[in-house]
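Worksheet: the structure to be examined is printed underneath.
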Amino acid sequence: YLQLDNAEVLRSQIADGLRAQLQMESLVTGILYIELTFRPDGETPAQVVRTSPYPEIPTTPSLLAAFGTEAGSLVADVLQVLFRVNEMLEEVDMQGLNAAVVASAQAVERLVGSPELQAAINQVPEMAASFNRTLVEFEELSDRLGNAIGPLQAGMEGTLAETNLTLQAARKTIEDAQGLISTDSGIGFGLEQTLTSLREAADALRTLVITLERNPDMLIRGTSPPRR
């Protein structure tokens, strides 16, 4: 240990390599301090006679000084950036950020556990069942339509061809709809929209089938004009 109050011991320690050096405590804070260490390989210090009540300890160049003026300026610039980053970190409201994160997590938890979301999820199987019932009805109506116009094939090839195209389009719609049911896409809003469209088409087809069953020759002579 050092004995600054004993000049003889201090001279002996300096001869053994006691040196002082300016060091940096932290790049973030930029705080500097003087380090006292022994450097046996250090150069012999110059003897300078001064009249001072305080003991003097030889110094060795610090790392910043060894870099030279240009490097020291670069380090100073880096320090300025680090100081600014440190100030910005101090200005961040970490408590507020933490509260916001917690609030977001609580909001997600409330959404997952909400009765509205559970009802929407539970509604999908019911919609799918209703969808399938509508498809079955659509198939039955198509068969009935085919039976209704079967006896009228003679002399109405063009009309039947057009009707067959309509039935093919209807069956294609059914196949597409069944593909919609078998995949995850379209569940929910898309499923509800498609179900509504199919119900409307089924209603229109039902009306056509009932009309043909009651008036089998309608496709040949057409509908009666409205009475005046």
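Counting along the sequence shown from 1, when you hit position 68 you're at 66 in the numbering used here, and nothing is skipped either side.
The beta carbon of each residue, even a glycine, is placed where N, CA and C say it ideally should be.
1) Can you tell me where the beta strand (DSSP E) with Leu30 in it begins and where it stops?
2) Is Phe36 near Leu8, with beta carbons less than 8 Å apart?
3) Measure the Cβ-Cβ separation of Ala18 and Thr57 and say whether it is below 8 Å.
4) Which one of Leu0, Gln21, Ile32 has the shortest CA to CA distance from Ile12?
5) Would you mind reading off the limits of the alpha helix (DSSP H) that contains Leu8?
6) Short of 6 Å in beta carbon distance, which residues of its chain neighbour Glu33, apart from the five on each side in sequence? Order them along the chain.
7) Opposite Gln21 in the DSSP bridges: which residues?
8) Verify whether the separation of the beta carbon atoms of Pro38 and Asp14 is less than 8 Å.
9) Apart from the five residues on each side of it in sequence, which residues of its chain come closer than 8 Å, Cβ to Cβ, to Ile55?
10) Restricting to Cα atoms, I'd like to know which of Ser50, Pro43, Thr49, Pro59 is closest to Ser10.
11) By Cβ distance, which residues of its chain are closer than 7 Å to Gly40, with the 5 residues on each side in sequence left out?
Judging by the given coordinates:
1) According to the DSSP assignment, Leu30 belongs to the beta strand (DSSP E) that extends over 30 to 36.
2) No, they are not a contact pair.
3) Yes, the Cβ-Cβ distance between Ala18 and Thr57 is below 8 Å.
4) The residue from Leu0, Gln21, Ile32 with its alpha-carbon nearest to that of Ile12 is Leu0.
5) Element bounds for Leu8: 5 to 13.
6) Within the same chain, Gln19, Gln21 come within 6 Å of Glu33 by CB-CB distance, once the 5 residues on both sides are set aside.
7) BP columns for Gln21 point to Tyr31.
8) Cβ distance < 8 Å, so Pro38 and Asp14 count as in contact.
9) These residues qualify, in order along the chain: Leu8, Ile12, Leu16, Arg17, Ala18, Leu34.
10) It is Pro43.
11) Excluding sequence neighbours, Gly40 sits near Gly15, Arg17, Thr58.
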